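Worksheet: the structure to be examined is printed underneath.
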Amino acid sequence: MAAKLRKGDKVVVLAGKDKGKEGTIASVDPKSNKAVVEGVNIAIRATRQTQTEQGGRIPKAMPIDLSNLALVDANGKATRVGFKMDGDKKVRFAKTTGDVIDA
142 MAAKLRKGDK VVVLAGKDKG KEGTIASVDP KSNKAVVEGV NIAIRATRQT QTEQGGRIPK
202 AMPIDLSNLA LVDANGKATR VGFKMDGDKK VRFAKTTGDV IDA
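Each residue of the sequence shown is one higher than the one before, starting from 142 at the first, in the numbering used here.
Shown next as C-alpha coordinates:
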(Lines of atoms letter the chains of each structure in order from A and count residues from 1; the text may use other names and numbers.)
(Lines give C-alpha, C1' and ligand atoms only; values in the text may rest on other atoms or scores of the structure.)
Protein backbone atom coordinates (compact mmCIF):
# COMPACT_ATOMS: atom_id res chain seq x y z
CA MET A 1 0.00 0.00 0.00
CA ALA A 2 1.24 3.50 -0.79
CA ALA A 3 2.37 5.70 2.10
CA LYS A 4 -0.24 8.31 2.98
CA LEU A 5 2.16 10.25 5.22
CA ARG A 6 5.64 11.10 3.99
CA LYS A 7 8.83 12.75 5.21
CA GLY A 8 8.38 16.52 5.48
CA ASP A 9 4.59 16.43 5.98
CA LYS A 10 3.15 18.63 8.73
CA VAL A 11 1.09 16.43 11.06
CA VAL A 12 -0.91 16.62 14.30
CA VAL A 13 -0.93 13.89 16.98
CA LEU A 14 -4.40 12.38 17.53
CA ALA A 15 -3.76 10.16 20.56
CA GLY A 16 -1.29 9.58 23.36
CA LYS A 17 0.63 11.79 25.77
CA ASP A 18 1.39 14.37 23.04
CA LYS A 19 -2.19 14.65 21.77
CA GLY A 20 -2.76 17.94 19.93
CA LYS A 21 0.92 18.69 19.27
CA GLU A 22 2.05 19.50 15.73
CA GLY A 23 5.34 18.81 13.99
CA THR A 24 6.96 17.73 10.76
CA ILE A 25 7.84 14.14 9.96
CA ALA A 26 11.60 13.53 10.12
CA SER A 27 11.49 9.90 8.94
CA VAL A 28 8.99 7.15 8.15
CA ASP A 29 9.42 3.39 8.61
CA PRO A 30 6.68 1.73 6.52
CA LYS A 31 7.70 -1.78 7.65
CA SER A 32 6.84 -1.08 11.30
CA ASN A 33 4.16 1.50 10.40
CA LYS A 34 5.83 4.22 12.50
CA ALA A 35 7.20 7.73 11.99
CA VAL A 36 9.52 10.05 13.89
CA VAL A 37 8.00 13.53 14.34
CA GLU A 38 10.18 16.44 15.44
CA GLY A 39 9.31 17.64 18.95
CA VAL A 40 6.83 14.83 19.64
CA ASN A 41 7.18 11.68 21.78
CA ILE A 42 10.45 12.84 23.34
CA ALA A 43 12.37 10.37 25.53
CA ILE A 44 15.64 10.97 27.34
CA ARG A 45 18.39 8.60 26.29
CA ALA A 46 21.77 8.22 27.98
CA THR A 47 24.52 8.22 25.37
CA ARG A 48 28.24 7.67 25.63
CA GLN A 49 30.52 10.52 24.61
CA THR A 50 32.31 10.16 21.27
CA GLN A 51 34.86 12.32 19.45
CA THR A 52 32.11 14.07 17.51
CA GLU A 53 29.23 14.09 20.02
CA GLN A 54 28.72 15.21 23.60
CA GLY A 55 27.56 12.44 25.92
CA GLY A 56 25.01 12.48 28.72
CA ARG A 57 21.23 12.53 28.97
CA ILE A 58 20.04 13.63 25.53
CA PRO A 59 16.37 14.12 24.54
CA LYS A 60 15.48 12.12 21.44
CA ALA A 61 12.28 11.93 19.38
CA MET A 62 10.99 8.35 19.40
CA PRO A 63 8.81 6.70 16.73
CA ILE A 64 5.04 7.09 16.93
CA ASP A 65 2.46 4.92 15.17
CA LEU A 66 1.10 6.31 11.88
CA SER A 67 -2.46 5.64 13.05
CA ASN A 68 -1.98 8.30 15.74
CA LEU A 69 -1.03 10.99 13.20
CA ALA A 70 -3.14 13.08 10.82
CA LEU A 71 -2.02 15.45 8.09
CA VAL A 72 -2.58 19.18 8.66
CA ASP A 73 -4.29 20.77 5.63
CA ALA A 74 -4.02 24.38 4.38
CA ASN A 75 -6.70 25.52 6.88
CA GLY A 76 -4.69 24.15 9.83
CA LYS A 77 -7.11 21.30 10.56
CA ALA A 78 -6.44 17.56 10.71
CA THR A 79 -7.49 15.68 7.59
CA ARG A 80 -7.39 12.20 6.17
CA VAL A 81 -5.43 11.51 3.00
CA GLY A 82 -6.76 9.91 -0.16
CA PHE A 83 -5.39 9.10 -3.58
CA LYS A 84 -6.77 10.08 -6.97
CA MET A 85 -5.59 10.20 -10.55
CA ASP A 86 -4.66 13.65 -11.87
CA GLY A 87 -4.34 13.00 -15.58
CA ASP A 88 -1.96 10.05 -15.73
CA LYS A 89 -0.35 10.79 -12.34
CA LYS A 90 -1.43 9.44 -8.94
CA VAL A 91 -1.58 12.24 -6.34
CA ARG A 92 -2.49 12.59 -2.67
CA PHE A 93 -5.39 14.84 -1.69
CA ALA A 94 -6.94 16.12 1.54
CA LYS A 95 -10.31 14.48 2.15
CA THR A 96 -11.78 17.52 3.96
CA THR A 97 -11.10 20.10 1.24
CA GLY A 98 -10.27 18.00 -1.81
CA ASP A 99 -7.06 19.96 -2.39
CA VAL A 100 -4.08 18.16 -3.94
CA ILE A 101 -1.25 17.83 -1.40
CA ASP A 102 1.66 17.25 -3.75
CA ALA A 103 1.56 17.93 -7.47
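For every residue, glycine included, the Cβ atom is placed at its ideal position computed from N, Cα and C. Computed from a predicted structure; not experimentally measured.
Query raised in the report: Which value, in whole angstroms, describes the spacing of the CA atoms of Ile242 and Asp159?
Result: 25 Å
- Query: Mind checking whether Ile185 and Arg198 have CB atoms under 7 Å apart?
  - Reply: yes
task: Leaving aside the five residues before and after Met203 along the sequence, list all residues of the same chain whose C-beta is less than 6 Å from its C-beta, in chain order.
output: Asn182, Ala184
Looking at Leu155 and Leu207, is the spacing between their C-beta atoms short of 7 Å? no
Give the DSSP-derived three-state secondary structure of Ser208 in the structure shown. helix
query = Would DSSP call Gly197 helix, strand or coil?
reply = strand
- Query: Is Ala176 helix, strand or coil when you go by DSSP?
  - Reply: strand
* According to DSSP, what are the bridge partners of Thr188? -> Gly197
Fill in: Beta carbon of Lys151 nearer than 7 Å to that of Val232
no
I'd like to confirm the pairing. Which residues does DSSP put opposite Ile183 in its beta bridges? Ala202
Which residues share a DSSP beta bridge with Ala156? None; Ala156 has no bridge partner.
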